[in-house]
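Here's the structure we're looking at; comments come further down.
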Amino acid sequence: MGRGRAGAWGSIVAGAVLGLGGCGDDGEPKASGDGATSLSTISAGSTGDTVGSATGTGDGTQTGGGTGPGTASSGPALDSGDTMGVSFDVGQIPDGGAPCGGGMGGDVDFSYIWVANSSQNAVSKIDTQTMVEQGRYLVHPGNGNPSRTSVSLSGDVAVANRNGGITKLYADVGDCVESNGVAGIQTSTGSTDILAWDMEECRAWYTPMAYTTQRPVAWSPGTFNPATCEWEGQQVWTAAAQSGVSGSVVVSVLDGETGMIDAAIPIPEINIGYYGPYGAAFDTNGDFWFVDSGNDGAVQELVRVDGVTHAYDIWMTPAINPYGFTVDTLGRPWIAGYAGGVARFDPVTQTFDVNATITGLGIQEDANGVMWMAHYPWSYEGVIAIDRDSMAVLGQTDLPSNLAKGVSIDFDGNVWVVDQGTSAFRIDPSTGTIDTFTGLVGPYTYSDMTGWGLSSVSNPEG
Numbered sequence: 003m004g005r006g007r008a009g010a011w012g013s014i015v016a017g018a019v020l021g022l023g024g025c026g027d028d029g030e031p032k033a034s035g036d037g038a039t040s041l042s043t044i045s046a047g048s049t050g051d052t053v054g055s056a057t058g059t060g061d062g063t064q065t066g067g068g069t070g071p072g073t074a075s076s077g078p079a080l081d082s083g084d085t086m087g088v089s090f091d092v093g094q095i096p097d098g099g100a101p102c103g104g105g106m107g108g109d110v111d112f113s114y115i116w117v118a119n120s121s122q123n124a125v126s127k128i129d130t131q132t133m134v135e136q137g138r139y140l141v142h143p144g145n146g147n148p149s150r151t152s153v154s155l156s157g158d159v160a161v162a163n164r165n166g167g168i169t170k171l172y173a174d175v176g177d178c179v180e181s182n183g184v185a186g187i188q189t190s191t192g193s194t195d196i197l198a199w200d201m202e203e204c205r206a207w208y209t210p211m212a213y214t215t216q217r218p219v220a221w222s223p224g225t226f227n228p229a230t231c232e233w234e235g236q237q238v239w240t241a242a243a244q245s246g247v248s249g250s251v252v253v254s255v256l257d258g259e260t261g262m263i264d265a266a267i268p269i270p271e272i273n274i275g276y277y278g279p280y281g282a283a284f285d286t287n288g289d290f291w292f293v294d295s296g297n298d299g300a301v302q303e304l305v306r307v308d309g310v311t312h313a314y315d316i317w318m319t320p321a322i323n324p325y326g327f328t329v330d331t332l333g334r335p336w337i338a339g340y341a342g343g344v345a346r347f348d349p350v351t352q353t354f355d356v357n358a359t360i361t362g363l364g365i366q367e368d369a370n371g372v373m374w375m376a377h378y379p380w381s382y383e384g385v386i387a388i389d390r391d392s393m394a395v396l397g398q399t400d401l402p403s404n405l406a407k408g409v410s411i412d413f414d415g416n417v418w419v420v421d422q423g424t425s426a427f428r429i430d431p432s433t434g435t436i437d438t439f440t441g442l443v444g445p446y447t448y449s450d451m452t453g454w455g456l457s458s459v460s461n462p463e464g
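What the sequence shown shows, in my numbering, is residues 3 to 464, in sequence order.
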């Protein structure tokens, strides 16, 4: 599908927004609040000193190399009865030209959303246009308990396992490689066709990692080669730790082709609880951002790691109990808090803006500068539309969901919401139509499930 900087500890010096409650991956956060925009600005002070940088190399071990229909139905439009009036201008690769198609480059030949089935140790590949599941794949040789997924600009997916380890799967069966000794390519074709670990040939690699909490994962953009119409030098970045051990956070950089660990960046300043780093994304400068879990306390760390030098900066978040995470097309990280509000960080001014009237979970920006966030608390099931610049609430869409969590935009401009039951929902913002995919098993994903987020910051439109 197609498509660093010195720093220091920051300190909140004014305008704190208080939040209470706690939740885990399988728990239920406690929060409240909906309403009109009410922004607080919080300054993150800096001493002007670099927090630290560390680079290193390591060895990873690799192994490996549907047509299961969901149900579609119509749902309610926006509560106001009006549509958002959204139009999408999804651009081409810069200077790519017409000859380059396929993947996230140029003309989109395929468009998938990858949803982790946590309790099944598997990930689903769902066609975002037909809503047909085209494959379901094991992502760990044991029980990985997968959660976050990230899609590269080439269209391939990396899956993080909470129990440690990263898996890459090819999106295009034509890229899959013979590895099991049986003639032809053996690969899953849907939810009822999950192949054994040693038989699946669309698994590009699996890198075991000795962590007890591993959630954030994000592809770096890489570099587009117009001569070959391919993205090169793509890497998989992940932040992980030993659960409950402060000072154990390490950011690892994996070679996107081989899965080998190219660098390990310890970040000992972070004091984690049970969950540790929670969500991650790249910005328009090619830097890696992640946030610590609000389940470990209302105030947590926001971290930027330079994509080249591996120097890192740390700022303390407002008291919003961080949960969902994304970076908008202007390079500003957004943190959806489940108690205390939603926060937007400006790296230039080093300040947070907080809308304390809304709380939520997964969050992502569309092509029109609208931030879509899964609503929390679940007394109301739906998704909220937020103006990227004013942080004002533009509207909300009700969903027949069961504990809605993840939000991702596809390359046709649809908004996808994944719940914790069995379903994923596709919303057309221009009509309010809702289509439902069912058949997931213990789903839990609220990262860049389609690759839209990476594409938008790598080649932002307008």
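For every residue, glycine included, the Cβ atom is placed at its ideal position computed from N, Cα and C.
Residue i to residue j, Cα distance in whole Å?
i, j, result
"Ala243", "Ser457", "28 Å"
"His312", "Arg138", "35 Å"
"Val251", "Gly296", "16 Å"
"Gly183", "Gly261", "22 Å"
"Met211", "Gly434", "42 Å"
"Thr65", "Gln131", "Confidence at Thr65 is low in this model, with a pLDDT of 31, below 50, so its placement is unreliable and the value that follows should be read with caution. The alpha-carbon atoms of Thr65 and Gln131 are separated by roughly 32 Å."
"Asp177", "Ile128", "18 Å"
"Leu401", "Pro379", "14 Å"
"Leu304", "Leu41", "19 Å"
"Tyr448", "Gly249", "26 Å"
"Ser113", "Asp412", "7 Å"
"Thr209", "Ile168", "5 Å"
If the criterion is Cβ atoms closer than 7 Å, does the pair residue i and residue j meet it?
i, j, result
"Ile337", "Val395", "no"
"Val443", "Asn147", "no"
"Pro346", "Gly371", "Looking at the sequence shown, residue 346 is not Pro but Arg. In this structure, Gly371 does not lie closer than 7 Å to Arg346 by Cβ."
"Val117", "Ser126", "yes"
"Val307", "Val253", "yes"
"Leu171", "Val159", "yes"
"Asn357", "Gly342", "no"
"Gln236", "Val255", "no"
"Gly441", "Ser193", "yes"
"Val385", "Val419", "yes"
"Glu234", "Thr225", "yes"
"Ala282", "Ala241", "yes"
Count the other CB atoms, across all protein chains shown, that sit within 10 Å of the CB of residue i; report buried if there are 16 or more and exposed otherwise.
i, result
"Tyr276", "exposed"
"Ala185", "exposed"
"Pro270", "exposed"
"Gly381", "Per the sequence shown, the amino acid found at residue 381 is Ser instead of Gly. So Ser381 ends up on the exposed side."
"Gly464", "Note that Gly464 has pLDDT 40, beneath the 50 cutoff, so the model's placement of it is unreliable and the number below is only indicative. Its Cβ having fewer than 16 others within 10 Å, Gly464 is exposed."
"Val310", "exposed"
"Gly144", "exposed"
"Tyr446", "buried"
"Glu259", "exposed"
"Asn123", "buried"
Identify whether residue i lies in helix, strand or coil by the three-state DSSP scheme.
i, result
"Val459", "helix"
"Leu396", "strand"
"Gly176", "helix"
"Asn297", "helix"
"Ser126", "strand"
"Ala120", "The sequence as given places Ser at residue 120; Ala does not occur at that position. Helix at Ser120."
"Trp199", "coil"
"Glu303", "strand"
"Trp454", "helix"
"Tyr446", "coil"
"Asn323", "coil"
"Gly67", "Interpretation of Gly67 is limited by its pLDDT of 32, a score under 50 that renders its predicted location unreliable; no figure is taken from the coordinates."
"Ser193", "coil"
"His142", "coil"
On the premise that residue j lies in contact with residue i, defined as a C-beta separation below 8 Å, what is that separation, rounded to the nearest angstrom?
i, j, result
"Gly453", "Val153", "3 Å"
"Pro218", "Pro279", "5 Å"
"Thr328", "Gly166", "Their Cβ separation, rounded to whole angstroms, is 24 Å, which puts Thr328 and Gly166 out of contact at 8 Å."
"Ile263", "Tyr314", "About 18 Å; that fails the 8 Å criterion."
"Gln366", "Ser410", "6 Å"
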